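Everything on this sheet refers to the single structure shown next.
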Amino acid sequence: MKTPSRKLAEWITLILSALVVFSVVIYLVWDLSTPNSSIIEIEAKALVSEAQKKGNYFVLPIEVHNRGQKTISMVKLEVQLSGSKKAQSEEMEIQYLGRDSKQRVYMYLSEEPKSQEIQVRPIYYYFD
Amino acid sequence: MAESADPYGFKEEGRDLLRGLAGGILFGMPILYTMEVWHHGMSYDSSHLLGTLVLTFFLNVIFSFFAGVRKKYSSESLIGSLEDGLTSLGIGFLLSIVILWLIGRLHPLEDLKATVGKVLLEACIISVGVTFTNFKFKSSSNARNGENKSPNRDESFRQMSSEEKQLKVDLDDLVVTFAGAFVFAFNVAPTEEIVLIASSMNSMSILILLGAELFFCYLLLYAAGFKEHEVYEKDSIFQSSFAETMMTVASALLVSSALLALIGESSASSNSLTFISCVVTLGLPATVGGAAGRLII
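Chains as they are written, first to last, in numbering that gives the first Met the number 0: chain D, 0 to 127; chain R, 0 to 296.
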């Protein structure tokens, strides 16, 4: 029996699929070849200028940046507040933070953020 | 369909693609909504992702090859199967991107590696659904239209000795067992529940679970009477219900091991005892899937 030849539509489907799959493979192989460390630098800062009053509270955005080349999970941060009232600290956790990506966390405060000294520091992170 | 009505094959290929998309959605929908898969996709390093992609591609290819999807290209069935495997994965990637975007799981500012990881893991299971659906419903459609599903296959199969026929049938069964186990187990392998269940069970419980897997497999393959098993070598001990059941469960456990190593929770591989417990735990849905695959095909 004569083997039927492949039709144009089948070729188009095949070529497009091959392009997608091989692009992914090439990207992953390239990623494997780039060096990456398990020691991650996390940058966290309070964006006081963007804080807003909502009802009885002030909402303060805190931006966290994973500067490393790996996705990290269970990122714990400590926010230290020192103002007119006694100093306090709060903790927050981010479940997943992709490599070289930022995430904002919004914190409620009873006092105006500009009247306080706010420091944010990472406590720990972990890999899956 | 007459050649002149569809000279470039767009209508037929369009129908096949729509059928594949439907099958991909059916198989992939549970996993597309599973948070652990999104997170694993973001967290896994590239070696894990590549390994999963290669395993899935291999599975799609052998499924296509033994199930005869492209048997009409009789002189190129392996090449045809490789092409089918690529096409299934391509459709899987497309569908994965669309659905993840629709449910807001893809973010334009997200790291490319995280996006690729999420899409890839989802695409793997969808592609198996595409491969299976195209095989199953193309066969049914050809039968309804009075077309011989694979004229070369039927003719060559009739010419085989009983030993060769039995080997062919057994290889087909093995392939669909792997495919069915893969589909069922892939949905739960990345979840915390496998480790949670395994860690709460002692050795006796694990052994009892293994016995239950053998029982359910036998139930599905033989006792429930869903389908007659094709036997050409009646005297062979490998055709006994005991041997068939053992091999099906063994295949399912093999698939479980591979999936746990590639996409399971990292704590599942923390030590050998935990790993074995998790393999047996995941082995139950994998066994059910493997037996279901043999019933459906």
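All C-beta atoms, glycine included, are put in the ideal place defined by N, C-alpha and C.
Just so we're clear, the structure is a prediction, and the values are computed from it rather than from any experiment.
Unbroken alpha helix (DSSP H) runs of no fewer than 4 residues, entirely contained in the region 76–113 of chain R, are found at 76–101, following chain order. For D/Tyr26, the chain R residues whose Cβ falls inside 7 angstroms of its Cβ are Val115, in order along the chain. Among the residues of chain D, those whose CB is under 7 angstroms from the CB of R/Met41 are Thr70, Tyr95, Gly97, following chain order. Inter-segment contact for the region 55–70 of chain D and the region 101–112 of chain D is present: three or more beta-carbon pairs are separated by less than 8 angstroms.
Beta-bridge partners assigned by DSSP to D/Gln118: D/Gln79.
R/Ser239 and R/Ala267 have their C-alpha atoms some 34 angstroms from each other. By the neighbour-count criterion, in which 16 or more other beta carbons inside 10 Å mark a residue as buried, D/Ser37 falls on the exposed side.
R/Lys164: member of the alpha helix (DSSP H) spanning 161–187, first to last residue. Below the 7 angstroms Cβ cutoff, chain D contributes Thr12, Leu13, Ser16 as neighbours of R/Thr86, in chain order. Within the model, the alpha-carbon separation for R/Phe156 versus R/Glu162 is close to 11 angstroms.
For R/Asn133, the number of other beta carbons within 10 angstroms of its own is at least 16, and it is reported as buried.
What D/Ser100 touches in chain R, judged by beta-carbon distance under 8 angstroms, is Leu108, Glu109, Asp110, Ala113, going in chain order. For D/Glu9, the nearest beta carbon of chain R is closer than 8 angstroms to its own beta carbon. Between the alpha carbons of R/Leu220 and D/Val74 lies a distance of about 48 angstroms. If you ignore the 5 residues before and after D/Arg120, its C-beta comes within less than 8 angstroms of the C-beta of Ala43, Leu76, Glu77, Gln79, all in its own chain and listed in chain order. In this structure, DSSP gives D/Ala86 a state outside helix and strand, which the three-state scheme calls coil. Of the residues assessed, R/Trp100 falls on the exposed side of the cut-off, its CB having fewer than 16 other CB atoms within 10 angstroms.
In this chain, the beta strand (DSSP E) harbouring D/Ser100 covers 100–108. Approximately 48 angstroms separates the beta-carbon atoms of R/Met41 and R/Lys164; this is outside 8 angstroms, ruling out the contact.
Considering only R/Ala222, R/Phe62, R/Met200, R/Ala290, the residue with the shortest C-alpha distance to R/Leu272 is R/Met200. D/Pro112 counts as buried, since at least 16 other C-beta atoms from the protein chains shown sit within 10 angstroms of its C-beta. When secondary structure is reduced to three states using DSSP, D/Ala50 falls in the coil class, being assigned neither helix nor strand. For R/Leu119, the nearest CB of chain D lies under 8 angstroms from its own CB, placing it at the interface with that chain. Beyond the five residues adjoining it in sequence on each side, R/Leu170 comes within less than 8 angstroms, by CB distance, of Phe65 in the same chain, given in chain order. Scanning chain R for C-beta atoms nearer than 7 angstroms to the C-beta of D/Leu31 yields Ser45, Ser46, reported in chain order.
Residue range 7–32 is occupied by the alpha helix (DSSP H) that includes D/Phe21.
In chain order, Phe56, Asn59, Val60, Ser63 place their CB closer than 7 angstroms to the CB of R/Gly84, counting only its own chain and leaving out the 5 sequence neighbours on each side.
Under the Cβ distance rule, D/Val63 does not count among the residues neighbouring chain R, no pair being separated by less than 8 angstroms. If the five residues before and after R/Ala188 are omitted, its C-beta is found closer than 7 angstroms to the C-beta atoms of Leu258, Leu259, Ile262, Gly263, Leu281, all from its own chain and listed in chain order.
With contacts defined by Cβ atoms closer than 8 angstroms, R/Ala178 and R/Gly89 do not form a contacting pair. Secondary structure at R/Glu243: helix, using DSSP grouped into helix, strand and coil.
Residue environment analysis places R/Asn186 among the buried positions, since at least 16 neighbouring C-beta atoms fall within 10 angstroms of its C-beta.
In this structure, the beta-carbon distance from R/Glu212 to R/Val248 falls below 8 angstroms. Here the C-alpha atom of R/Gln158 lies approximately 19 angstroms from the C-alpha atom of R/Ser76. In terms of CA proximity to D/Tyr125, D/Ser72 leads the group D/Ile39, D/Gln87, D/Ser72, D/Met106. For D/Lys6, the chain R residues whose C-beta falls within less than 9 angstroms of its own C-beta are Asp5, Pro6, Tyr7, Gly8, Phe9, Glu11, Glu12, listed in chain order.
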